[in-house]
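Participant: The following block contains the structure, expressed as structure tokens.
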Amino acid sequence: MTNKEPVRLPAEWEPQGAVLLAWPHAETDWADMLPEVRDCYTQLAKAIADRASLIVAGPDLDSARVMLADIDTERIHFVRVDTNDTWTRDYGAITTVSPDGTPTLHDFCFNGWGLKFAACHDNTVTRALIAGGTLTGRYDNRLGFVLEGGSIDSDGQGTILTTSACLLSPNRNGDMSRSQIEEELRRTLGTEHVLWVDYGALAGDDTDSHIDTLARLAPNDTILYTGCSDPADEHFDQLQAMAGQLSELRTADGKPYNLVELPLPDAVYDEDGERLPATYANFLPLNGAILMPVYGQPDKDRLACDILRVVFDGYEIVPVDCTALIRQHGSLHCATMQFPKQAFIP
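Read the sequence shown against my numbering and you will find it ends at 409, with the numbers running on by one and no gaps.
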């Protein structure tokens, strides 16, 4: 696609029309804990449907129709499509808008976070949603470039926050330099200012340091970031270095960012003793609300919610228990992909 019009990647706190979920099924890594994770997805789906339309995709939607039966049928849309897994943030279309409001649905390649996992079905979801009439807009085939939605965050004004560990990973676009990747972001997403984070990695993270686990852009030139004040924690050095680097970042007009630290949840482990990448940075702004992952840690969950309540003044903070989601190394933002109203056909 050649698009000579300037385009813009909206901030997530701008109005949204719909959110995509992929329903957990027996051929995913959720097979051993389907009832538990489907309960989590049910709570997440209801929180979304109260504030936007909901698209539920997957090869087997019978249980979804039963568990989501009390959602208004005008608010929920089921789409039969094969999926490898449920992390729609990383294979759902990334949507820009032109000055006249026309949406462009960019279909980037998802290669299982650097060739770690199969993604053959996930890479067909965007085309299926467009072909079936669920999404509308210009279709931009970018399957020659690997880019996951969780690896970038936008302020809606041409600035993108990302990590070098992910975007410069040799198993993604290994033949491209930093400047070449910046040029690709400029051409496709209208990016004018790229903020690179070179530190920060959570134990158990399969994504090579997705930015949505570490730091997030917010209104009023604010960056919310995952902090660590415990020198005994394995994350201490990396997260301290990240905080230092964030303090040196500047807005497009040269001003420092307002930095707000989010607590690091207490360590969460799987049944094999592996630490999981629990993070409060993995939240979803949605039409005047913040859907917030919590992990059954009352004090820290409450503190994180209070911090978001201050940063997103006037927003409703909606906690969603993501202790099941984190078992497969992801959380709330990872499981969702939003679309502006212009791209969604009710």
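We put the CB at the ideal spot given by N, CA and C, even for glycine. All of these numbers come straight from a predicted model, not from anything done at the bench.
#1: Please report the residue range of the alpha helix (DSSP H) in which I111 lies.
#2: Where does the unbroken beta strand (DSSP E) through N236 begin, and where does it stop?
#3: Check whether the region 204-223 touches the region 270-283, counting contact only when three or more Cβ pairs, one atom from each stretch, lie closer than 8 Å.
#4: Starting from S116, follow the beta strand (DSSP E) in both directions and report where the run begins and ends.
#5: Give the C-beta separation of R205 and T270 to the nearest angstrom, bearing in mind that I take them to be a contact with Cβ-Cβ under 8 Å.
#6: Between which two residues does the alpha helix (DSSP H) carrying V323 extend?
#7: Pick out whichever of S161, T187, D135 has its Cα sitting closest to the Cα of A120.
#8: I need the straight-line Cα distance from H88 to G317, nearest angstrom please.
#9: Quick check on T146: does DSSP put it in helix, strand or coil?
#10: Please work out which residues of its chain come closer than 7 Å, Cβ to Cβ, to E39, disregarding the five sequence neighbours upstream and downstream, and give them in chain order.
#11: Figure out for me which residue from K179, Q243, L388 has the closest Cα to the Cα of L231.
#12: Tell me W93's beta-bridge partners as DSSP assigns them.
#13: Counting Cβ pairs closer than 8 Å, one from the region 192-207 and one from the region 158-171, do we hit at least three?
#14: Give the DSSP bridge partners of L339, in chain order.
#15: Please report the residue range of the beta strand (DSSP E) in which Q401 lies.
#16: Okay, do the region 294-314 and the region 369-386 touch, 3+ Cβ pairs below 8 Å being the bar?
#17: Do L339 and F346 have their CB atoms nearer than 8 Å?
#18: Smallest Cα separation from A315: which of S126, W259, Q220?
#19: Note the first and the last residue of the continuous alpha helix (DSSP H) segment covering R250.
Facilitator: Let's see:
#1: Residue numbering aside, residue 111 sits at position 48 when the sequence shown is read from its first letter. Element bounds for I111: 97-112.
#2: Taking the first residue of the sequence shown as 1, we reach residue 236 at position 173. N236: not part of any beta strand (DSSP E); member of the alpha helix (DSSP H) spanning 233-236, first to last residue.
#3: yes
#4: In the sequence shown, counting from the first residue as 1, residue 116 sits at position 53. Note, S116: beta strand (DSSP E), 116-121.
#5: Locating residue 205 in the sequence shown gives position 142, where the first residue counts as 1. Locating residue 270 in the sequence shown gives position 207, where the first residue counts as 1. The Cβ separation is near 19 Å, so there is no contact.
#6: To locate residue 323, count along the sequence shown from 1; it is residue 260. Here V323 belongs to no alpha helix (DSSP H); instead the beta strand (DSSP E) covers 321-325.
#7: In the sequence shown, counting from the first residue as 1, residue 120 sits at position 57. Closest by alpha carbon: T187.
#8: Mapped onto the sequence shown, residue 88 falls at position 25. Mapped onto the sequence shown, residue 317 falls at position 254. Near 48 Å, if we compare the C-alpha coordinates of G317 and H88.
#9: Taking the sequence shown and counting its residues from 1, one reaches residue 146 at position 83. Coil.
#10: No answer is possible for residue 39: it lies beyond the span of the chain, which begins at 64 and ends at 409.
#11: Sequence index remark: in the sequence shown, residue 231 carries index 168 (1-based). Considering only alpha carbons, the answer is Q243.
#12: As a first step, residue 93 is located in the sequence shown; it is residue number 30 there, counting from the start. Per DSSP, none; premise fails for W93.
#13: yes
#14: Position 276 of the sequence shown, counted from the first residue, corresponds to residue 339. Note: L339 sits in a beta bridge opposite V331.
#15: Your numbering for residue 401 matches position 338 in the sequence shown. It spans 400-402 - the beta strand (DSSP E) in which Q401 sits, taken as one unbroken run.
#16: Judged by Cβ distances under 8 Å, the region 294-314 makes no contact with the region 369-386, as fewer than three pairs qualify.
#17: The residue you call residue 339 lines up with position 276 of the sequence shown. The residue you call residue 346 lines up with position 283 of the sequence shown. No, the Cβ-Cβ distance between L339 and F346 is not below 8 Å.
#18: The count along the sequence shown starts at 1 and reaches residue 315 at position 252. Nearest C-alpha to A315: Q220.
#19: Indexing the sequence shown from 1 puts residue 250 at position 187. 241-252 is the span of the alpha helix (DSSP H), which, as asked, contains R250.
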